[in-house]
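A quick write-up on the structure given underneath.
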Amino acid sequence: MKHAILGALVASAFAIPTAQAGFLGSSATFEYYVYGGAYDKGGSPTTFTVDGVAGASFLNPTSAALRYFDILVTDNRLVFDFQDTGSWSPSPVSLNSGGLYIESGPLMSFSGATPIQTVSIDPDTNMTGLVAANITHDASRIAVNWEFLSYDPSTQVVLNVTFAPPVPVPEPSAIALTSLGLGGLVLALRRRRRD
């Protein structure tokens with residue numbers, strides 16, 4: 470019986486819950502890159518908290534009433550929903566750093582999210598010509614290069630994101646229960662030695 474109790478106490482010490490992976494609750498920053506660098510017009514850069522509902526919009530700098538696209542970030546998806554018609558202009562390299570590459574396109578940066586492991590193009594994406602080579606990423610950023618590609622109000626770019634396995638984080642109640650159990654075990658062993 471004592472060995473069973475000891476075994477349960479030891480097992481509970483290793484039953485550590487893990488944090489949930491994903492973007493929800495993290496801080497996202499949208500920044501557009503074109504013409505050789507960061508573009509600071511039309512709502513770029515914009516930072517928002519990922520809640521699966523609110524996002525950002527990239528506006529036409531000549532008329533704030535015209536939106537190029539809206540951005541929605543869910544727990545594991547990044548959606549660019551186009552509202553206008555056109556083609557992305559030719560541009561010299563605007564970002565080429567740390568494995569990220571953009572001639573013309575958005576950079577999404579995340580703070581407080583689990584590290585990004587993979588990014589893939591969802592079958593719901595209907596931007597003609599967009600392929601996996603247009604998407605680069607690191608552990609906290611996703612870059613999309615859509616130079617020369619066309620869009621209209623029916624165009625969507627949907628990216629699926631997977632995350633690195635979360636690091637186990639012990640809950641305070643699990644630590645307290647384990648400490649209490651180990652303290653009880655020490656007291657029981659001391660009493661046993663006295664007898």
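Residue numbers for the sequence shown, in the working numbering: 470 to 664.
Backbone N, C-alpha and C define an ideal beta-carbon position, used for all residues, glycine too.
Fair warning: this is a prediction, and the values are worked out from it, not measured in the lab.
Whole-angstrom C-beta distance between residue j and residue i, which should lie under 8 Å
i: methionine 596; j: leucine 564; result: In fact, because the Cβ distance is near 19 Å, the residues do not count as touching under 8 Å.
i: isoleucine 540; j: phenylalanine 549; result: 6 Å
i: valine 627; j: arginine 546; result: 6 Å
i: valine 542; j: alanine 497; result: 5 Å
8 Å Cβ cutoff met for residue i and residue j
i: glycine 524; j: leucine 493; result: no
i: proline 634; j: alanine 608; result: no
i: serine 560; j: glutamate 640; result: no
i: serine 495; j: glycine 581; result: yes
i: tyrosine 502; j: isoleucine 571; result: yes
i: arginine 610; j: leucine 569; result: yes
Reduced DSSP category for residue i - H, G, I as helix; E, B as strand; rest coil
i: leucine 475; result: Interpretation of leucine 475 is limited by its pLDDT of 45, a score under 50 that renders its predicted location unreliable; the figure taken from the coordinates is listed afterwards. Leucine 475: helix per DSSP, three-state reduction.
i: serine 481; result: Any reading at serine 481 must be qualified, since the residue scores a pLDDT of 47, below 50, and its modelled position is unreliable; the value itself is stated next. Note: serine 481 maps to helix in three-state DSSP.
i: serine 619; result: strand
i: leucine 599; result: coil
i: alanine 633; result: coil
i: proline 641; result: helix
i: threonine 487; result: Unreliable placement is indicated for threonine 487, whose pLDDT of 42 sits below 50; the coordinate value is still reported in the next sentence. Note: threonine 487 maps to strand in three-state DSSP.
i: threonine 647; result: helix
i: leucine 628; result: strand
Subject >> Cβ contact (3+ pairs, closer than 8 Å) linking the region 503 to 522 and the region 557 to 577 >> reply: yes
**OP:** Specify whether the region 528 to 536 and the region 583 to 591 touch according to this definition: at least 3 beta carbon pairs, one from each stretch, less than 8 Å apart.
**Re:** no
Original post:
Can you list the beta strand (DSSP E) stretches of 3 or more residues lying completely in the region 518 to 586, in chain order?
Top reply: 524 to 529, 532 to 542, 546 to 551, 564 to 566, 569 to 571, 574 to 580
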